[in-house]
Each structure stands twice: as structure tokens, then as C-alpha cells.
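Participant: In the UniProt record's numbering, the protein residues as written are 1 to 248. All residues carry an ideal CB built from backbone N, CA and C; glycine is no exception. Source: prediction; values computed, not measured.
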């Protein structure tokens with residue numbers, strides 16, 4: 001029997017093909033596990049259920065200048081980048097469906113279309129018969145990412161970047177289109193540095209990526225949330241009364 005200290009030597013002999021085989025096995029394990037523990041996808045097995053596939057990446061700090069693939073990414077620390085796709089439902093906690101260990105300075109959305117395709121297929125192999133929704137932040141606001149979700153009959157909810165097309169669409173929303181939101185508990189807004197308990201939401205038809213050929217443009221809904229700007233306090237602590245509501 002080999003000493004435990006030789007494990008790293010063994011793993012370094014793996015090729016890209018070996019890693020892909022292990023990745024496929026992990027997906028099969030999750031599918032088999034849900035057949036034994038049905039609660040892992042509770043609510044997602046029904047045809048009218050909802051299954052979420054969330055995609056994101058994180059950087060894990062490492063030490064040592066010789067660490068293979070380590071680099072400085074968006075977090076400004078030396079590390080390795082991990083891209084994850086989790087599967088969950090409104091009543092079931094997330095479980096990891098697919099994962100990628102990548103170099104530290106890789107761009108967030110690299111390889112996301114393939115990861116989404118694999119994660120959606122894993123969710124369906126695990127018994128998800130409801131509607132699948134792919135969710136991601138603005139780092140994944142790319143045509144190829146959205147197209148990957150659509151190709152696999154999944155909805156998508158991706159944070160859009162504030163480009164001129166988005167700003168123009170928001171400006172075209174009429175005042176009567178905004179619906180109020182009252183949160184059961186206050187939510188901290190980092191941009192204003194205060195707790196807010198109400199907001200408004202509206203939606204409008206939107207075509208994303210209009211700079212691309214029409215066949216590659218994505219027609220969808222743009223859902224916009226806005227909150228009231230809080231009046232700044234004067235040096236004596238008083239607040240001037242507002243003449244009209246200002247939103248952002």
C-alpha cells in the first residue's frame with residue numbers, strides 16, 4: 001500500500017480525459033442519490049414544479065509561488081477559481097451538480113455554456129420534471145450563456161448590465177407600470193448604506209444583444225426593481241422634506 005503522501009503524485013498523473021470521466025461520474029452519483037433520497041429535489045419532480053440551476057464562481061486563496069494555475073483574479077488575491085452549478089427547488093437546499101477547478105485569473109463566464117448544459121441535464125437525470133430556471137449574476141450576461149439555457153428548454157434569470165440599451169428600456173417604463181413591494185423585513189441596501197423596507201418593480205419587453213445579427217438576439221423580459229432615494233441628513237441631523245419622490 002502506498003503512503004498517503006503519494007496521493008498528490010497520483011492525482012498529478014491524471015489527464016484532462018480522466019478529469020472529464022470523474023466529472024461525469026459525479027453527475028451520475030447525484031442522479032442515483034436522488035432516487036434513494038427523494039427529498040433532495042423536493043417539489044421539483046412534479047410537472048408543475050420549479051427547479052433552479054444557479055451558476056457562480058469563487059476564488060479560494062492558495063499559498064506558494066509554485067502552485068500550479070494559481071493567479072490573481074477579480075478578488076485581488078492569489079488563488080484558484082472554482083465554478084459551480086447547483087440544483088435546488090423552492091423547498092430543497094442546493095446540491096452541487098457540476099464543478100470546475102480553474103486557474104485563478106480566469107474570467108468568470110469562461111466555460112459557462114457547457115457547464116449550464118451539463119447541470120441542466122444532470123437535474124433532469126436526477127428526476128426534475130418541472131420547469132428549470134438558470135440563474136446567474138451580471139458576470140454571465142452573455143448571449144452564449146442565455147442561448148445555452150434556451151437550447152435546453154430552460155428559463156433564465158440573469159442580472160443585466162446597465163448598458164445604453166438597458167438604460168433606454170428602463171426610461172421608457174411608464175409611472176403607472178410600477179407595482180409596490182413591501183418586504184416583511186427590512187433589507188440592507190449597500191449603495192445607500194441604509195435599511196429599506198419598500199421598493200417598486202416593473203417589467204418590459206426587451207431585446208438583448210441588439211449589436212449582434214437578428215438570429216442571435218435574445219427576446220426576453222426585463223424586470224426592474226427601484227427603491228426610493230433617502231433624503232440626506234444635514235449637519236444638525238435634520239432631514240429636509242422632499243418635494244417629490246426620487247427613485248433609483
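Identify, in the order they occur along the chain, each residue of the same chain with its Cβ nearer than 6 Å to the Cβ of residue 98, setting aside the five sequence neighbours on each side.
Facilitator: The answer, listed in chain order, is 85, 115, 118, 119.
Participant: Quick one, are the C-beta atoms of residue 103 and residue 149 less than 9 Å apart?
Facilitator: It is not a contact, given that the beta carbons lie outside the stated cut-off.
Participant: With distances taken between CB atoms, is the gap from residue 53 to residue 87 smaller than 9 Å?
Facilitator: Yes, the Cβ-Cβ distance between residue 53 and residue 87 is below 9 Å.
Participant: Closest to residue 56 by CA distance: which of 202, 134, 198, 21 is it?
Facilitator: Comparing Cα-Cα distances from residue 56 to each of 202, 134, 198, 21, the minimum goes to 134.
Participant: Using DSSP with H/G/I as helix, E/B as strand and the rest coil, what is residue 108?
Facilitator: Coil.
Participant: For residue 175 and residue 158, I'd like the C-alpha separation in whole angstroms.
Facilitator: Taking the straight line joining both Cα atoms gives about 24 Å.
Participant: Does the region 191 to 201 come close enough to the region 166 to 175 that 3 or more CB-CB pairs lie under 8 Å?
Facilitator: Verdict: no, contact absent.
Participant: For residue 212, does the three-state DSSP call read helix, strand or coil?
Facilitator: DSSP places residue 212 in coil when its eight states are reduced to three.
Participant: How is residue 227 classed by DSSP in three states: helix, strand or coil?
Facilitator: Residue 227: coil per DSSP, three-state reduction.
Participant: Strictly by DSSP, which residues pair up with residue 158?
Facilitator: Residue 158 is bridged to 136.
Participant: If we count the other Cβ atoms within 10 Å of its Cβ and call it buried at 16 or more, is residue 151 buried or exposed?
Facilitator: Exposed, because fewer than 16 other Cβ atoms sit within 10 Å of the Cβ of residue 151.
Participant: Residue 224 and residue 203 - do their beta-carbons sit closer together than 9 Å?
Facilitator: Taking 9 Å as the Cβ cut-off, residue 203 and residue 224 qualify as a contacting pair.
Participant: Does DSSP put residue 42 in a helix, in a strand, or in coil?
Facilitator: Correct three-state label for residue 42: coil.
Participant: Rank 90, 89, 58, 96 by C-alpha distance to the C-alpha of residue 78 and give the top, closest one.
Facilitator: That would be 58, whose Cα lies nearest to the Cα of residue 78.
Participant: According to DSSP, is residue 186 helix, strand or coil?
Facilitator: Strand at residue 186.
Participant: Mind checking residue 90: buried by the 16 CB within 10 Å criterion, or exposed?
Facilitator: Counting Cβ neighbours within 10 Å, residue 90 comes out exposed, since fewer than 16 surround it.
Participant: Do you know offhand how far residue 64's Cα is from residue 164's?
Facilitator: Roughly 43 Å between the two C-alpha positions.
Participant: Can you tell me whether residue 88 is helix, strand or coil according to DSSP?
Facilitator: Residue 88 falls in the strand class under three-state DSSP.
Participant: What does a CB cutoff of less than 7 Å around residue 40 pick up in its chain, not counting 5 residues either side in sequence?
Facilitator: Contacts found: 33, 34, 92, 95.
Participant: With residue 255 as the anchor, note down where its beta strand (DSSP E) starts and where it stops.
Facilitator: Missing from the structure shown is residue 255; the chain here goes from 1 to 248 and no further.
Participant: Provide the residue span of the alpha helix (DSSP H) that contains residue 34, from first to last.
Facilitator: It spans 16 to 36 - the alpha helix (DSSP H) in which residue 34 sits, taken as one unbroken run.
Participant: Within 10 Å of its beta-carbon, does residue 18 have 16 or more other beta-carbons around it, so buried, or fewer, so exposed?
Facilitator: Answer is exposed; the Cβ neighbour count stays below 16.
Participant: So, is residue 100 buried or exposed, given that buried needs 16 or more other C-beta atoms within 10 angstroms?
Facilitator: Residue 100 is buried by the Cβ-count criterion.
Participant: Leaving out the 5 sequence neighbours to the left and right, which residues in its chain are closer than 6 Å to residue 186 when beta-carbon positions are compared?
Facilitator: Same-chain partners within the cutoff: 195, 197.
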